[in-house]
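Residue numbers (our numbering), protein chains in the order written: chain A, 1 to 263; chain B, 264 to 599. Here's the structure we're looking at; comments come further down.
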């Protein structure tokens, strides 16, 4: 309950911050429209040439794009801004302002993960939700309660995986404070726009189990459009749990290395 | 009752090191050399409840490192410490709720929103009940006379005004122990005086234990009856400020004004042995004498010279400290 109240406070502050700069609202809206437009356009162009690729049709790929955009939005909403504030040359680790996070009587990992919000990203979330609804309507398939629940579960798993990966990369800054490790991740995350089935066999394996961007988008999309196996569902839940634990251990080990910046 | 107990605390940093030049930079990509820096060496001390202790020493002496270990930000390399009965670097929430740290060179107030909103978030983080939050905020705002600052965006505040906000932010949860690292850094003289007065008053009101580091001796003189001197990571002195002055500068200054006839003659008057003439200015002589010789020499001066006025003073603390921070520091370990 206290944690929820804290999140509420940070969201409140973020809204105030966002309103302090009106121009940011328009820039954010433009960014949302661009990322939405280019995403949809690329897929529409692709499927104007072919009917289906490896069993993925325009509609099911749109469901996947909706999932990708939802995840990307959640990342920009709070996970990204909070964790990325630690890294870089003006980051909190480098400048030592991380001291104040460590001084608080609240779990450091929790606080480091929820401090910064970008409320305007709610626009992205609405658009990505729109894509998902559009895809489901196009599929002409009545959404059962079961498949909706499975979709929400796999989406939650995807958020956990995304969070764990970003937390792990953020944890690496304790070893090298100036470097933005998330750049490495961004390149792979872009590949989650398309179904992993589209990639060659070896890359498919990498994108599923090594840098699991496949689990993040393909699995929830399959839950929505059908075709998700039980084994894959259980496997992805276990994978997310293991990744979360590993990233937490890495982050907390890194914390002990924090030397604070000199006065 | 002791509130801070420090025993044989040491901290060694491992810092990367390389030769200048491109070649060395390339080499360091593959093989990096490290050097051990002993920032704090085996220091021990005790601070009682409600005491205000000044940590002094030149840059790099180990003051901030010690403060950061005591506030739980850094793990020591060896030794132990207990602050209000807890091991600081275990960073238990119950401990963190009872301490606070104000850093003169870092800000915890959010930049784009008015300070009052930052305070509200801090109240939430520290789980301060609403009524207590309002009471504390009102008290601090009144003490610091900053009612008009609460609703301006922080980015529009001056450095001194921001520092007032930092102090409020640090005290909202009514900590029992307050660590202050250079709280008056960069402030103008009147704002420094203002903040000093506030800290002294707050200490009296709430009995908060404070450890303060500052390069402004006026901060230390005004606030700290006791000082701890650290140099090269070692504790060199722990006691009253006046005692430090006596140890480092074991002399007194005698200022004597003589009758006109004596001063205009040009030649210096006959002075007793053991007296060093430091300055001769407008009918006044400034003499330096050994601490223990001062009473005897004063009596002699009064008997032998036509003294109009005479005063005996301790050397200014700034001059004494300057001796530590300057070249005199080399032999400091032997002096103390």
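Even for Gly, the Cβ is constructed at its ideal location relative to N, Cα and C. Remember, it's a predicted structure, so these values are computed and weren't measured experimentally.
Contact with chain B by residue i, beta-carbon distance below 9 Å
{"i": "residue 17 of chain A", "result": "yes"}
{"i": "residue 119 of chain A", "result": "no"}
{"i": "residue 9 of chain A", "result": "yes"}
{"i": "residue 249 of chain A", "result": "no"}
{"i": "residue 124 of chain A", "result": "no"}
{"i": "residue 258 of chain A", "result": "yes"}
{"i": "residue 2 of chain A", "result": "yes"}
{"i": "residue 96 of chain A", "result": "yes"}
{"i": "residue 100 of chain A", "result": "yes"}
{"i": "residue 263 of chain A", "result": "For residue 263 of chain A, the predicted structure reports a pLDDT of 46, less than 50, and the residue's modelled location is therefore unreliable. The matter cannot be settled from this model."}
{"i": "residue 93 of chain A", "result": "no"}
Residue j beta carbon less than 9 Å from that of residue i
{"i": "residue 385 of chain B", "j": "residue 432 of chain B", "result": "yes"}
{"i": "residue 362 of chain B", "j": "residue 347 of chain B", "result": "yes"}
{"i": "residue 434 of chain B", "j": "residue 412 of chain B", "result": "no"}
{"i": "residue 344 of chain B", "j": "residue 440 of chain B", "result": "no"}
{"i": "residue 25 of chain A", "j": "residue 143 of chain A", "result": "no"}
{"i": "residue 489 of chain B", "j": "residue 503 of chain B", "result": "yes"}
{"i": "residue 61 of chain A", "j": "residue 74 of chain A", "result": "no"}
{"i": "residue 498 of chain B", "j": "residue 486 of chain B", "result": "no"}
{"i": "residue 388 of chain B", "j": "residue 111 of chain A", "result": "yes"}
{"i": "residue 443 of chain B", "j": "residue 320 of chain B", "result": "no"}
{"i": "residue 465 of chain B", "j": "residue 471 of chain B", "result": "yes"}
{"i": "residue 306 of chain B", "j": "residue 265 of chain B", "result": "no"}
{"i": "residue 353 of chain B", "j": "residue 342 of chain B", "result": "no"}
{"i": "residue 69 of chain A", "j": "residue 128 of chain A", "result": "yes"}
{"i": "residue 416 of chain B", "j": "residue 20 of chain A", "result": "yes"}
Test: residue i CB closer than 9 Å to a CB of chain A
{"i": "residue 592 of chain B", "result": "Because the pLDDT at residue 592 of chain B is just 49, under 50, the model does not fix this residue reliably, and the value given afterwards should be weighed accordingly. Answer no: the Cβ-Cβ gap between residue 592 of chain B and chain A never drops below 9 Å."}
{"i": "residue 481 of chain B", "result": "no"}
{"i": "residue 371 of chain B", "result": "yes"}
{"i": "residue 223 of chain B", "result": "Residue 223 of chain B lies beyond the residue range present for chain B, which begins at 264 and ends at 599; the question has no answer from this structure."}
{"i": "residue 291 of chain B", "result": "no"}
{"i": "residue 493 of chain B", "result": "no"}
{"i": "residue 279 of chain B", "result": "no"}
{"i": "residue 341 of chain B", "result": "no"}
{"i": "residue 384 of chain B", "result": "yes"}
{"i": "residue 356 of chain B", "result": "yes"}
{"i": "residue 535 of chain B", "result": "no"}
{"i": "residue 233 of chain B", "result": "Lying outside 264 to 599, the shown extent of chain B, residue 233 of chain B is not represented and no answer is given."}
{"i": "residue 297 of chain B", "result": "no"}
{"i": "residue 390 of chain B", "result": "yes"}
{"i": "residue 244 of chain B", "result": "Since the first residue shown for chain B is 264 and the last is 599, residue 244 of chain B is missing from the structure and cannot be characterised."}
Cβ-based burial, residue i [other Cβ within 10 Å; buried from 16]
{"i": "residue 22 of chain A", "result": "exposed"}
{"i": "residue 36 of chain A", "result": "buried"}
{"i": "residue 210 of chain A", "result": "exposed"}
{"i": "residue 195 of chain A", "result": "buried"}
{"i": "residue 450 of chain B", "result": "buried"}
{"i": "residue 115 of chain A", "result": "buried"}
{"i": "residue 453 of chain B", "result": "exposed"}
{"i": "residue 593 of chain B", "result": "With a pLDDT of 44 at residue 593 of chain B, under the threshold of 50, the modelled position of this residue cannot be trusted; read the value that follows with caution. Exposed, by the Cβ-count rule."}
{"i": "residue 67 of chain A", "result": "buried"}
{"i": "residue 186 of chain A", "result": "exposed"}
{"i": "residue 239 of chain A", "result": "buried"}
{"i": "residue 230 of chain A", "result": "exposed"}
{"i": "residue 569 of chain B", "result": "exposed"}
Close beta carbons around residue i, own chain, < 8 Å, minus the five adjacent residues each side
{"i": "residue 561 of chain B", "result": "517, 573 and 575"}
{"i": "residue 509 of chain B", "result": "554 and 577"}
{"i": "residue 280 of chain B", "result": "296, 297 and 298"}
{"i": "residue 29 of chain A", "result": "120 and 123"}
{"i": "residue 556 of chain B", "result": "537"}
{"i": "residue 263 of chain A", "result": "Its pLDDT being 46, under 50, residue 263 of chain A is placed unreliably in this model, and the coordinates cannot settle the point."}
{"i": "residue 469 of chain B", "result": "437"}
{"i": "residue 257 of chain A", "result": "174 and 175"}
{"i": "residue 147 of chain A", "result": "223, 224 and 226"}
Proximal residues to residue i (C-beta, below 7 Å), its chain only, five neighbours per side dropped
{"i": "residue 328 of chain B", "result": "274, 302, 303 and 337"}
{"i": "residue 460 of chain B", "result": "none"}
{"i": "residue 326 of chain B", "result": "318, 320, 476 and 493"}
{"i": "residue 371 of chain B", "result": "429 and 432"}
Check: residue i C-beta below 8 Å from any heavy atom of the ligand HEM
{"i": "residue 533 of chain B", "result": "The ligand HEM is absent from the structure shown, which contains no ligand whatsoever."}
Same chain, Cβ closer than 6 Å to residue i, neighbours up to 5 away in sequence not counted
{"i": "residue 63 of chain A", "result": "135, 221, 224 and 225"}
{"i": "residue 287 of chain A", "result": "With chain A represented from 1 up to 263, any question about residue 287 of chain A goes unanswered, as that position is not in the structure."}
{"i": "residue 254 of chain A", "result": "171 and 174"}
Report task. Pick out the complete alpha helix (DSSP H) segments inside the region 87-139 of chain A, 4 residues or longer, and give them in chain order. Result -> 92-95, 98-102, 108-114 and 122-139
Query raised in the report: Fully enclosed by the region 158-189 of chain A, which beta strand (DSSP E) runs are 3 residues long or longer?
Result: none
Query raised in the report: For the region 504-572 of chain B, which segments carrying the alpha helix (DSSP H) assignment without a break, of at least 4 residues, lie completely within its bounds, in sequence order?
Result: 504-511, 523-527 and 557-567
Query - 4-residue-minimum alpha helix (DSSP H) runs that sit fully inside the region 365-441 of chain B, ordered along the chain - result: 378-388, 393-407 and 422-434
Requested in this report: Kindly provide the ranges of any alpha helix (DSSP H) runs that are 4 or more residues long and lie completely inside the region 275-308 of chain B, ordered along the chain.
Outcome: 285-293
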